[in-house]
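The block underneath contains the structure these notes are about, expressed in structure tokens.
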Amino acid sequence: MSEIHAGHIEARDLSIDLGNGRENFRAIERVSFNIASGEFICLLGPSGCGKSTLLGALAGHIPLAAGCLTLDGKAIRGPSSERGLVFQQHTLFPWKKVVDNVAFGLKMKGVVADERRARANELLKLVGLSGFENKYPVSLSGGMQQRVEIARVLINQPRVLLMDEPFGALDAQTRWVMQQLLLQVWASIRTTVVFVTHDIDEAIFLADRVLVMSHCPGRIREEIVIPARRPRGEEWVTSDDFIHLKRYCLDLMRDEHQLGHGAKNESELALQFAGAFI
Amino acid sequence: MNLARGSEATAVSASADTTATEKTVSGKRWRISPCRLMVRLISLMLFVSFWQFAAEHHLNLGLMTFQSIPAPSEVLPALWNLLQSPKVGNHVGNSLYRVFAGFFSATLAGILLGLMIGRSRLAADLLQPPLEMLRPIPGVAWIPLAILMFPSSELSMIFITFMGALFPILLNTIHGVGGIDARLTATARSLGAGRLRLFAEVILPGAAPSIVTGLSIGMGTSWFCLVTAEMIAGQYGIGYYTWESYNLQRYADIVVGMLLIGVFGMGSSVLVRKLGDLLIPWYQIRGARRHE
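Read top to bottom, the protein sequences are chains A and B.
Those letters in the first sequence? Residues 0 to 277, by numbering that gives the first Met the number 0.
Those letters in the second sequence? Residues 0 to 291, by numbering that gives the first Met the number 0.
Take a look at the structure:
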């Protein structure tokens with residue numbers, strides 16, 4: 000598992016347009032950033048700020064209007080198993096059993112059934128889901144489904160893990176469990192992570208660096224380095240530093256909220272666009 | 000805020016969120032209470048008794064009359080007679096052959112065209128206009144043209160059952176393909192699925208529940224079309240038998256023919272449904288959960 004080569008990402012003057020014809024608008028305007036190999040980045044911002052769109056571009060599902068976006072120096076063109084993508088919910092294949100969902104990436108690579116199931120079982124163990132291999136996703140709870148999602152994406156040993164509010168639909172308790180699980184998994188599989196969220200606590204708990212976005216059109220407004228040591232746990236989220244950072248982010252987001260004016264549901268639009276594209 | 004709590008949750012395991020769903024998986028079977036079963040049986044008996052009474056007394060209701068209608072007491076012996084005669088195999092066999100030949104070719108064509116139209120804009124623009132033109136024409140309306148188009152009456156009848164089944168299957172396939180969540184295809188692509196694998200792994204299974212619905216509707220309409228076609232163009236077949244009985248004034252046999260049509264029509268639809276359900280086991284679990 001540890002032989003994953005984590006990728007580094009570079010974005011230069013990146014712009015993205017969404018919507019067709021007359022509804023066309025600029026979702027992302029001249030954004031530049033670097034993400035180092037093995038770094039955990041959170042994109043934080045209010046809904047409609049373009050963070051999901053940016054993630055869609057990293058995944059290769061949304062084309063750029065201008066600028067360049069590279070992974071390990073190579074331009075990103077179209078989706079690839081090097082860049083694993085996890086959505087908020089309901090993207091497991093409902094017709095495949097849990098183990099076959101997880102093994103999907105290996106099946107696409109032509110790995111034989113026995114071997115891919117064995118590796119899928121290893122990953123299911125890693126995310127704490129041993130014993131559920133032969134269930135269908137519909138009979139799992141939301142939190143368990145997200146565990147399967149994570150296992151499914153990790154089996155491809157992606158250079159980058161792209162997560163679009165993966166825990167957004169979970170209740171607070173389960174979300175906290177999942178956030179810790181993710182860090183625990185990430186400690187053993189050290190890949191680069193880009194994690195989209197609008198939850199300030201989540202961002203500060205997880206990330207090495209938080210990129211705070213502003214909207215209309217989407218820009219990166221501020222970069223916040225999270226200095227806390229790992230492994231992180233409750234002591235971190237109850238520390239003074241955490242509260243301090245949180246207050247700072249709240250102020251940023253409040254400004255942003257006052258600036259914002261009824262943005263469209265951006266991730267839905269991004270999806271429509273992706274749908275037309277795939 | 001949520002982060003401040005949760006001291007017991009540090010040991011990361013699935014146990015916290017498993018319990019809620021375990022119960023729902025083992026769905027309970029539906030049972031009809033004996034009381035309701037009785038009511039249903041009584042209703043059926045009342046219906047048959049009324050029929051017997053009306054036919055026996057040649058009831059005349061003004062708008063309709065039971066003057067020449069055979070009573071159940073005549074139909075049962077007629078059914079027994081037919082079942083014992085060697086003709087029955089010939090009639091039923093011919094009808095089944097025509098229905099399944101038409102239905103299977105409609106299945107192939109409907110699913111193939113539906114997948115193409117549902118996935119590709121070019122295919123939709125190329126194929127849909129003529130299909131949309133033909134769609135409102137019921138299968139039965141094809142009978143005269145079908146007789147002109149095909150040298151053998153056998154083929155023309157198969158064609159008519161084909162036309163009857165095609166559109167329900169086609170439309171449900173298109174609908175099923177259209178209903179696939181864009182995030183599912185996006186996910187599959189990000190997991191390394193190429194365009195062809197996407198079809199086999201995501202599009203076809205994703206559309207499968209809708210396709211199965213189309214197949215069972217299509218089976219119904221193809222029987223409907225076949226019976227009519229046999230009445231006009233057939234030799235042998237249950238529809239032909241029913242119409243022949245009318246011409247020969249064997250009125251009890253008309254009802255026997257109708258009963259056979261009902262039994263085999265329903266039987267084939269149930270068969271299609273059951274076979275289809277075997278292909279989509281995951282959908283059954285979901286259905287069971289929704290009903291609870």
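All C-beta atoms, glycine included, are put in the ideal place defined by N, C-alpha and C.
Range of the contiguous beta strand (DSSP E) that encloses residue i
| i | result |
| --- | --- |
| Cys67/A | 65-70 |
| Ser31/A | 24-34 |
| Leu161/A | 159-163 |
| Phe39/A | 39-43 |
| Gly191/B | Note, Gly191/B: premise wrong, no beta strand (DSSP E); not H, not E. |
| Gly83/A | 82-85 |
Selected residue, minimal CA-CA separation from residue i, among the options
| i | options | result |
| --- | --- | --- |
| Phe223/B | Ser189/B, Asp124/B, Met156/B, Phe52/B | Met156/B |
| Ala102/A | Ala207/B, Glu200/B, Gly217/B | Glu200/B |
| Phe102/B | Ile284/B, Asp276/B, Gly264/B | Gly264/B |
| His60/A | Glu121/A, Ile15/A, Val111/A | Ile15/A |
| Phe92/A | Leu190/B, Ser267/B, Ala232/B, Phe65/B | Leu190/B |
| Arg208/A | Glu222/A, Glu81/A, Gly167/A, Lys245/A | Glu222/A |
| Ser215/B | Leu60/B, Phe99/B, Ala187/B | Phe99/B |
| Ala74/A | Glu201/A, Gly44/A, Asp198/A, Ile8/A | Ile8/A |
| Tyr282/B | Ala150/A, Cys248/A, Ser138/A, Leu169/A | Ser138/A |
| Pro216/A | Ala202/A, Thr52/A, Ala5/A, Asp71/A | Thr52/A |
| Gly44/A | Asp163/A, Glu233/A, Leu13/A, Asp240/A | Asp163/A |
| Tyr239/B | Ala145/B, Met132/B, Leu95/B | Leu95/B |
| Thr69/A | Ser46/A, Val184/A, Val152/A, Asp12/A | Asp12/A |
| Gly77/A | Asn133/A, Trp185/A, Asn100/A, Ala56/A | Ala56/A |
| Ala192/B | Val152/A, Gly20/A, Asp200/A | Val152/A |
Coil, strand or helix - residue i by DSSP
| i | result |
| --- | --- |
| Thr196/A | strand |
| Phe158/B | helix |
| Glu243/B | helix |
| Ser238/A | coil |
| Cys48/A | coil |
| Met63/B | coil |
| Asp113/A | helix |
| Gly233/B | coil |
| Asp99/A | helix |
| Ala70/B | coil |
| Leu133/B | helix |
| Thr173/A | helix |
| Thr212/B | helix |
| Ala10/B | Bear in mind that a pLDDT of 36 at Ala10/B, under 50, signals an unreliable position, so the number given afterwards is only what the model happens to contain. It is coil, neither helix nor strand. |
| Glu132/A | coil |
| Glu21/B | With a pLDDT of 37 at Glu21/B, under the threshold of 50, the predicted position of this residue should be treated as unreliable, though the coordinate-derived value follows. If DSSP states are grouped into helix, strand and coil, Glu21/B belongs with the helices. |
| Gly141/A | helix |
| Ile75/A | coil |
| Val147/A | helix |
| Thr191/A | strand |
| Val152/A | helix |
| Ser221/B | helix |
C-beta contact flag for residue i and residue j at 8 Å
| i | j | result |
| --- | --- | --- |
| Gly163/B | Ser209/B | no |
| Met212/A | Gly49/A | yes |
| Thr190/A | Arg158/A | yes |
| Ile154/A | Ala117/A | no |
| Asn59/B | Tyr235/B | no |
| Thr227/B | Ile142/B | yes |
| Leu182/A | Val126/A | no |
| Leu165/B | Gly109/B | yes |
| Ile173/B | Ile231/B | no |
| Val85/A | Ile149/A | yes |
| Phe32/A | Val192/A | no |
| Glu132/A | Val98/A | yes |
| Arg65/B | Ala54/B | Looking at the sequence provided, one finds Phe at residue 65/B rather than Arg. For Phe65/B and Ala54/B, yes; Cβs fall inside 8 Å. |
| Ile202/B | Ile237/B | no |
| Trp235/A | Pro204/B | no |
| Val195/A | Leu17/A | no |
| Thr220/B | Pro280/B | no |
| Gln178/A | Phe204/A | yes |
One or two residues paired with residue i in a DSSP bridge
| i | result |
| --- | --- |
| Ser213/A | Arg218/A |
| Ser14/A | Ala65/A |
| Glu9/A | Asn33/A, Thr69/A |
| Ile223/A | Val209/A |
Where the alpha helix (DSSP H) containing residue i begins and where it ends
| i | result |
| --- | --- |
| Val201/B | Careful: Val201/B lies outside any alpha helix (DSSP H) and carries neither H nor E. |
| Asp207/A | First-last for Asp207/A: undefined, no H or E at that position. |
| Asp276/B | 250-278 |
| Thr42/B | First, the amino acid is wrong: residue 42/B is Ser here, not Thr. Ser42/B -> alpha helix (DSSP H) spans 33-55. |
| Ile3/A | No alpha helix (DSSP H) contains Ile3/A, which DSSP labels as neither H nor E. |
| Gly113/B | 86-118 |
| Pro143/B | 142-148 |
Proximity test, residue i beta-carbon vs the ligand NAD heavy atom, cut-off 7 Å
| i | result |
| --- | --- |
| Glu81/A | As presented, the structure is devoid of all ligands, the ligand NAD included, so that no description of it is given. |
Output needed in chain order: residues of the stretch 98-116 of chain A with a Cβ under 7 Å from some Cβ in chain C.
Among the protein chains in the structure shown, which are A and B, there is no chain C.
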